[in-house]
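Residue numbers (the working numbering), protein chains in the order written: chain A, 1 to 345; chain B, 1001 to 1345.
All residues carry an ideal CB built from backbone N, CA and C; glycine is no exception.
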DNA sequence: CCGCTTTACTAAAGCGGTTTAGGTGATCCT
DNA sequence: AGGATCACCTAAACCGCTTTAGTAAAGCGG
């Protein structure tokens, strides 16, 4: 009742194990009649090569690993990941590769990295100086970084977060907003340190804000979820101290802010303008449609996969230039209205 | 420069390979001093057990496979998958399992199934009589089905699609709609056959419609994407022959319909009511917010994973009763307005 | 001081494939 | 006829780990 092995097929067909192996991997080395017989016997017996045995012997598994910065239940709550997987998937399927999701197991990514039987890794949001990078180095598996700092020796795929963020902030400033709130992405992993992405976006926001004469800015950290956005809105100062514009580092949080604002009786964008980041598909369909910074997520996945596959083929590759971002102006932002006279002055 | 193996560690520490293996897997079998020494040497050398070798020897890989009915780029375009992964992920991480995505490679799921080094499979939308089921049988790997027909010998996790669809159709009928369009899910895989899910939903719609006296119904197939919804709307009869209510089997398609309708100058829900299916998170934030059939997607993933893990532990499990669905009435449906008098009669 | 259990460790046999290095005949060439 | 070539197939080593069976030394009761 146990699994059919190559030896079973060999003896059933009256040939050596080698012949069976050849039948599948080097058919031209076999005579037509034996080839046919072996294949038929193999099929009749329902033989399928044991993947692990094959991987051990050939030193390749036909799988690439995606290193997740956080638990799957967190990271998949953000549509960003689904988009990225589309890009990765295209290339992987083209090259007959399957995709292994590698989240931190038992709190540690390192352990998970060791367990993973893969030919290459794509890492999301890991800093070049994170300790797991050293583990990767030691195992010596080709790796491509996404949303990291292009420091180390690994090819890195990035978008121009800074410019995107700058454009977003500039947009609000141009509309006359002076008191802004920034919803910072939470640090991935345990460390307090911001992710490279968050740091770059923050730099972009701040450079625009400072360039406009440094009006007041209220910062707070918000996870990448609608409910985090709701909480963020509720943590904002109320009344006349409420920021008139919100720069969210994710669309999800931005949607949460809009929703909470509307629930509090405010009108978006008239009472409060909101800008997201990422331009996930649903941003076009929200109420009101979200003004946000577009980044080519699917393309990012495609490029990362392409790079990784090339590295796996032994080619050496350089980090491409960061992909460009662009501000998509929809309905969640408008010019700052004068404060209602009777209420303020 | 090649990978450091257990033999390297053994000789460096002056012990046998067995001792090194014990150090990691049966530490209690070793004396304290040797244990420490071995572990230290292993760490210094940066030793990590080769996953495939380990898998071959232990006959378990610490990985579960998710069988996708279609290419990753298609299936991840539907937020449904992301939701499901959240549920799967929770359980998998709890049990230190990683997740392998197994889409059809080179057009064939069967080939991909063989390649996959996993301890169990979760299959999405596969019919019990699909040929790949036989492959699964032969390999003899524990398997749990999601969105299938509970026929075979496999545990199956389902939701009550029929009741959900019935409620959706009944809702439109109760609002006075008589001429409805149904957007049928496309067949997964190549065969013409409907997926079990599509069949059940259709049955639910039709039973309600027939129960109300069989008004006219316009059916057409629409993929699970916004653009498919757009195309579907455009394929509907125009003018007075246009259905006043649309039953979409997915939220994505429903959103596409709403968007296309609005682009065509219609008001949703006043001119046309739209009901989705699934209640993916974004449905709450669309404009107008989508009336849809809620199904507990994350829970579905959790339960499937739990069942699979139990099966992998040798326990025998039964299919649970289908999870219940419920109609979530939001803003995309309203009672049928009388046809403008001057235009019709 | 002897047999008996424990403790601490090892040799070697798998796990199920791939691949290298031949070994047959049969065919070809001169 | 005899060596070279070729087409076809096989024995055995190897991939890197786990695990069974077993050994040597130490502990121990009598």
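Simplified DSSP assignment, three categories, for residue 124 of chain A: Of the three classes helix, strand and coil, the one that applies to residue 124 of chain A here is strand, per DSSP.
task: Give the residues from the segment 95 to 115 of chain A that approach chain B closer than 7 Å (Cβ to any Cβ), ordered along the chain.
output: Against chain B - using a Cβ distance shorter than 7 Å - the residues of the segment 95 to 115 of chain A are 96, 98, 99, 100, 101, 102, 103, 105, 106, 112, 114 and 115.
task: Check the C-beta distance from residue 1307 of chain B over to residue 1155 of chain B and give it rounded, since I have them as a contact under 8 Å.
output: Going by Cβ atoms, the distance from residue 1307 of chain B to residue 1155 of chain B rounds to 5 Å, so yes, they are a contact pair.
- prompt: Would the C-beta of residue 54 of chain A count as close to the ligand ADP, meaning under 7 Å from any of its heavy atoms?
  reply: With respect to the ligand ADP, the structure shown offers nothing to examine, as it has no ligands at all.
query: Going by the beta-carbon positions, is the gap between residue 1249 of chain B and residue 1201 of chain B smaller than 8 Å?
result: Between residue 1249 of chain B and residue 1201 of chain B, the CB-CB gap stays under 8 Å.
task: Name the residue from A/10, A/285 and A/260 whose alpha carbon lies nearest to the alpha carbon of residue 34 of chain A.
output: That would be A/10, whose Cα lies nearest to the Cα of residue 34 of chain A.
Residue closest to residue 313 of chain A, alpha-carbon to alpha-carbon, out of A/320, A/132, A/142 and A/78: Nearest C-alpha to residue 313 of chain A: A/142.
- prompt: How would you label residue 286 of chain A, buried or exposed, when you count the other beta carbons within 10 angstroms and need 16 or more for buried?
  reply: Residue 286 of chain A comes out buried.
- prompt: Thinking C-alpha only, which one of A/115, A/135, A/157 and A/176 is nearest residue 213 of chain A?
  reply: Comparing Cα-Cα distances from residue 213 of chain A to each of A/115, A/135, A/157 and A/176, the minimum goes to A/176.
- prompt: Are the segment 18 to 34 of chain A and the segment 1104 to 1113 of chain B touching by the rule of at least three beta carbon pairs closer than 8 Å?
  reply: Using a C-beta cut-off of 8 Å, the segment 18 to 34 of chain A makes no contact with the segment 1104 to 1113 of chain B, since fewer than three inter-stretch Cβ pairs fall below that distance.
- request: Return the CA-CA distance between residue 181 of chain A and residue 233 of chain A, expressed in angstroms with no decimal places.
  value: The C-alpha of residue 233 of chain A is placed about 10 Å away from the C-alpha of residue 181 of chain A.
query: Does any C-beta atom of chain B lie closer than 8 Å to the C-beta of residue 286 of chain A?
result: Taking Cβ atoms only, chain B reaches closer than 8 Å to residue 286 of chain A, which makes this a yes.
task: Identify, in the order they occur along the chain, each residue of the same chain with its Cβ nearer than 7 Å to the Cβ of residue 1252 of chain B, setting aside the five sequence neighbours on each side.
output: In its chain, beyond the 5 residues on either side, 1078, 1224, 1225, 1226 and 1229 have a beta carbon closer than 7 Å to the beta carbon of residue 1252 of chain B.
message: One question on the structure: do residue 120 of chain A and residue 133 of chain A come within less than 8 Å of each other, judged by their Cβ atoms?
response: In terms of Cβ geometry, residue 120 of chain A and residue 133 of chain A do not form a close pair [threshold 8 Å].
query: What does residue 73 of chain A reach in chain B if we use C-beta pairs closer than 7 Å?
result: Neighbours of residue 73 of chain A on chain B, chain order: 1086, 1089 and 1090.
- prompt: Going along chain B in order, which residues have a C-beta closer than 7 Å to the C-beta of residue 52 of chain A?
  reply: Under the 7 Å cutoff, chain B gives 1052, 1055, 1056, 1061 and 1117.
Buried versus exposed call for residue 238 of chain A [16 or more other C-beta atoms within 10 Å across all chains shown]: Classification for residue 238 of chain A: exposed.
message: I'd like to know whether the C-beta atoms of residue 57 of chain A and residue 1055 of chain B end up nearer to each other than 8 Å.
response: No, they are not a contact pair.
query: Which ranges would you report for the alpha helix (DSSP H) in the segment 1079 to 1162 of chain B if only whole runs of at least 4 residues count?
result: Qualifying alpha helix (DSSP H) stretches, in chain order: 1079 to 1094, 1109 to 1115 and 1131 to 1139.
message: Determine whether the beta carbon atoms of residue 1008 of chain B and residue 1039 of chain B lie at a separation below 8 Å.
response: No, they are not a contact pair.
message: Checking the sheet assignment: what are the DSSP bridge partners for residue 1065 of chain B?
response: DSSP output for residue 1065 of chain B lists B/1100 and B/1121 as bridge partner(s).
query: Which ranges does the alpha helix (DSSP H) cover as unbroken runs of at least 4 residues, wholly within the segment 1173 to 1215 of chain B, from first to last along the chain?
result: Segments of the alpha helix (DSSP H) lying fully in the segment 1173 to 1215 of chain B: 1196 to 1211.
query: So what does DSSP say about residue 254 of chain A, is it helix, strand or coil?
result: DSSP places residue 254 of chain A in helix when its eight states are reduced to three.
query: Who pairs with residue 219 of chain A in a beta bridge, going by DSSP?
result: A/182, per the DSSP bridge assignment.
- prompt: Can you tell which of A/245, A/198 and A/260 has its C-alpha closest to the C-alpha of residue 272 of chain A?
  reply: The shortest C-alpha separation from residue 272 of chain A is found at A/245.
- request: State whether the segment 77 to 97 of chain A contacts the segment 291 to 305 of chain A, with contact taken as three or more CB pairs (one from each stretch) at a distance under 8 Å.
  value: Yes, they touch.
- prompt: Where residue 215 of chain A and residue 207 of chain A are concerned, what is the direct C-alpha to C-alpha distance, given to the nearest angstrom?
  reply: C-alpha of residue 215 of chain A to C-alpha of residue 207 of chain A: approximately 12 Å in a straight line.
message: Under 8 Å, CB to CB, which of the residues in the segment 206 to 237 of chain A have a partner in chain B?
response: Contact residues of the segment 206 to 237 of chain A toward chain B are 226 (C-beta to C-beta distance below 8 Å).
query: Under the three-state reduction of DSSP, which class applies to residue 264 of chain A: helix, strand or coil?
result: Residue state, collapsed to three classes: coil.
- prompt: Along the segment 134 to 148 of chain A, what residues have a CB closer than 8 Å to any CB found in chain B?
  reply: Going along the segment 134 to 148 of chain A in chain order, one finds 135, 138, 139 and 140 with a Cβ nearer than 8 Å to chain B.
- request: Would you tell me roughly how many angstroms separate the C-alpha atoms of residue 1345 of chain B and residue 235 of chain A, rounded to the nearest one?
  value: Annotation note: pLDDT 37 at residue 1345 of chain B (below 50); position unreliable, coordinate value reported separately. For the pair residue 1345 of chain B and residue 235 of chain A, the Cα-to-Cα distance works out to about 57 Å.
- prompt: residue 259 of chain A touches chain B at which residues, Cβ-Cβ below 7 Å?
  reply: Neighbours of residue 259 of chain A on chain B, chain order: 1285.
query: Quick one: is residue 1082 of chain B near chain A, going by C-beta distance under 8 Å?
result: Residue contact check for residue 1082 of chain B against chain A: a CB pair falls below 8 Å.
Chain A residues whose Cβ lies nearer than 7 Å to that of residue 1076 of chain B: Within 7 Å Cβ-Cβ: 82, 85, 86 and 89.
query: What's the gap between the Cα of residue 36 of chain A and the Cα of residue 27 of chain A?
result: Taking the straight line joining both Cα atoms gives about 10 Å.
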